[in-house]
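One structure is given here, and the rest of the page talks about it.
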Amino acid sequence: MKLTKKVLGLGAVALLAVGLAACGNDDDKGKTETGGDSEKSVGESVDYKITGIDPGAGIMEATEKVLKEYDLKDWTLTTGSGAAMTASLKKAYDKEQPIIITGWTPHWKFAKYDLKYLEDPKGVYGGEEQIRTIGRIGLAEDLPEAHQILSQFNWTEEDMGEIMVAIQEGEKEDVAAQNWVDANEDKVAVWTEGVEKVDGDKIKLAYVAWDSEIASHNVMKIVLEDMGYKVTLTQVEAGPLWTAVADGSADASLAAWMPLTHKTYADKFEGKFEELGINMEGVKVGLVVPEYMDIDSIEDLKK
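And the structure:
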């Protein structure tokens, strides 16, 4: 009888061990190299979807080319807005789910989340970009002081990042910009060096609804107003922005991403605008994923 009980006891232990092992295997199966919940390919884990922004943006055109160059036939690029894209990123990131987005720096999301660019071995997105200032033809003659300030405007990704993060954390755009100007009088002095104040001259600046351009144009509005200008900011999409500068309905913009992102517009309106200078170097665009996703290249999307 004692032997029977011992055998039954060992059998129960064995069954328990098998059950625990099975649970362990299920947990392992629930993990994936792409950050999802099951053993899926990269494409399957994100429904073969790349989360994009507004359809007129140069990064969207470049991403369409990426789909062709890398033969990503099953993939789709969704359109929306910058705000919708970052909302989707937050939702996925908070749950540690896979997501692929169109991304660019400078942008506050790189300070808030642990992200990485996917390598682009075919070079479809190009190398580093610049943000340039453009003005309408005749700006130098009509508003020479503003022309000089805009030409001398130059700052860093870190400068812009301070404002973007402040806005993202709840500060009003104009307040965040004013706080930065107050704390960086030495930099502003370089932009306005050699410029005399004006008395109520009007100037119109056009910009796209990107966090980076919201930051730069709110700062420039304050700088120009401090120099005596009455400034109007107009938020439009990329195409209308370039059209406005080309036809003179806007005086200038600090939001020309070159040589790739806005190349189509620069080529279209060649000779109808003036380049005033580079206001930021070392910017970048491409496909971006959370660091927890175990992929490193656009080539990995075919696996």
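With mature numbering (1 follows the signal peptide of the UniProt record, and there is no 0) as the guide, the letters of the sequence shown map in order to residues -21 to -1, 1 to 282.
Backbone N, C-alpha and C define an ideal beta-carbon position, used for all residues, glycine too.
No experiment lies behind these values; they were computed from the predicted model shown.
Under 6 angstroms Cβ to Cβ from residue 114, same chain only, skipping five residues before and after it: list those, please. Reading the sequence shown from its first residue, position 135 is the one you call residue 114. Within the same chain, residue 114 has close Cβ partners 231, 253 and 255.
Simplified DSSP assignment, three categories, for residue 89: Counting from one through the sequence shown, the residue named residue 89 turns up at place 110. Of the three classes helix, strand and coil, the one that applies to residue 89 here is helix, per DSSP.
Own chain, CB closer than 7 angstroms to residue 244, minus 5 neighbours either side, in chain order: The sequence position of residue 244 within the sequence shown is 265, counting from 1. 217, 218 and 221, listed in sequence order.
Entirely within the region 232 to 262 and at least 4 residues each: give me those alpha helix (DSSP H) ranges in chain order. DSSP runs (the alpha helix (DSSP H)) wholly in the region 232 to 262: 242 to 247.
Residues bridged to residue 51 (per DSSP): In the sequence shown, residue 51 corresponds to position 72, counting from 1. In the DSSP output, where bridge partners are listed per residue, residue 51 has none listed.
Give the straight-line distance between the Cα atoms of residue 214 and residue 140, rounded to the nearest whole angstrom. The residue you call residue 214 lines up with position 235 of the sequence shown. The residue you call residue 140 lines up with position 161 of the sequence shown. Going by the C-alpha atoms only, they are around 20 angstroms apart.
Using a Cβ-Cβ cut-off of 6 angstroms (strictly less than) and excluding sequence neighbours within five positions of residue 188, which residues of its own chain qualify? Sequence index remark: in the sequence shown, residue 188 carries index 209 (1-based). Within the same chain, residue 188 has close Cβ partners 214.
Check whether the region 100 to 108 and the region 41 to 49 touch, using three or more Cβ-Cβ pairs below 8 angstroms as the test. yes
Spatial distance of residue 59 from residue 35 (CA atoms): For the purposes of this step, residue 59 is taken as residue 80 along the sequence shown, with counting starting at 1. For the purposes of this step, residue 35 is taken as residue 56 along the sequence shown, with counting starting at 1. Taking the CA atoms as reference points, residue 59 sits about 10 angstroms from residue 35.
Integer Cβ distance of residue 258 from residue 134, believed to fall under 8 angstroms: As a first step, residue 258 must be located in the sequence shown, where it is residue number 279. As a first step, residue 134 must be located in the sequence shown, where it is residue number 155. Between residue 134 and residue 258 the Cβ distance is about 7 angstroms, and since that is below 8 angstroms, they are a contact.
Which stretch, first to last residue, makes up the alpha helix (DSSP H) that contains residue 146? If you number the sequence shown from 1, residue 146 lands on position 167. Segment 136 to 147, the alpha helix (DSSP H) holding residue 146.
Looking only at DSSP bridge pairs, what is residue 108 linked to? Sequence index remark: in the sequence shown, residue 108 carries index 129 (1-based). Looking at the DSSP assignment, residue 108 forms a beta bridge with 262.
According to the neighbour-count rule (16 or more other Cβ atoms, all chains shown, within 10 Å of its Cβ), is residue 202 buried or exposed? If you number the sequence shown from 1, residue 202 lands on position 223. So residue 202 ends up on the buried side.
From the DSSP output, in three-state form, read off residue 210 for me. To locate residue 210, count along the sequence shown from 1; it is residue 231. Looking at residue 210 - three-state DSSP - the assignment turns out to be strand.
Contact between the region 142 to 149 and the region 264 to 278 (3+ Cβ pairs under 8 angstroms): no
Nearest-angstrom beta carbon gap, residue 196 and residue 37 [assumed within contact, 8 angstroms]: Sequence index remark: in the sequence shown, residue 37 carries index 58 (1-based). Sequence index remark: in the sequence shown, residue 196 carries index 217 (1-based). Not really, about 18 angstroms apart at Cβ, beyond 8 angstroms.
Can you tell me which of 49, 79 and 75 puts its alpha carbon nearest to the alpha carbon of residue 57? Taking the sequence shown and counting its residues from 1, the one referred to as residue 57 is at position 78. Nearest of 49, 79 and 75 to residue 57, Cα basis: 79.
What residue does the alpha helix (DSSP H) around residue 159 start on, and which one ends it? As a working note, residue 159 is residue 180 in the sequence shown. For residue 159, the uninterrupted alpha helix (DSSP H) run begins and ends at 152 to 162, by DSSP.
Return the residue from the list 267, 193, 85 and 76 that minimises the CA-CA distance to residue 184. Within the sequence shown, residue 184 is the residue found at index 205, counting from 1. Ranking the options by Cα distance to residue 184, first place goes to 193.
Counted within 10 angstroms of its Cβ, other Cβ atoms place residue 108 as buried (16 or more) or exposed: Within the sequence shown, the letter at position 129 stands for residue 108. That one is buried.
Can you tell me where the beta strand (DSSP E) with residue 83 in it begins and where it stops? Reading the sequence shown from its first residue, position 104 is the one you call residue 83. Here the beta strand (DSSP E) through residue 83 covers 80 to 84.
Cβ atoms of residue 32 and residue 81: under 8 angstroms apart, would you say? Working through the sequence shown from its first residue, we reach residue 81 at position 102. Working through the sequence shown from its first residue, we reach residue 32 at position 53. Cβ distance < 8 angstroms, so residue 81 and residue 32 count as in contact.
Please state whether the Cβ-Cβ distance between residue 176 and residue 199 is less than 8 angstroms. Translated into the one-based positions of the sequence shown, residue 176 becomes position 197. Translated into the one-based positions of the sequence shown, residue 199 becomes position 220. No, these two residues do not count as a Cβ contact at 8 angstroms.
For residue 250, count the other beta carbons within 10 Å of its own beta carbon; 16 or more makes it buried, fewer makes it exposed. Which is it? Counted from its first residue, the sequence shown places residue 250 at position 271. So residue 250 counts as exposed.
Is the Cβ-Cβ distance between residue 239 and residue 97 less than 8 angstroms? Locating residue 239 in the sequence shown gives position 260, where the first residue counts as 1. Locating residue 97 in the sequence shown gives position 118, where the first residue counts as 1. Not a contact, by the Cβ cut-off of 8 angstroms.
Straight-line gap, residue 273 to residue 75 (C-alpha atoms, nearest Å): Residue numbering aside, residue 273 sits at position 294 when the sequence shown is read from its first letter. Residue numbering aside, residue 75 sits at position 96 when the sequence shown is read from its first letter. C-alpha separation (whole angstroms): 12 angstroms.
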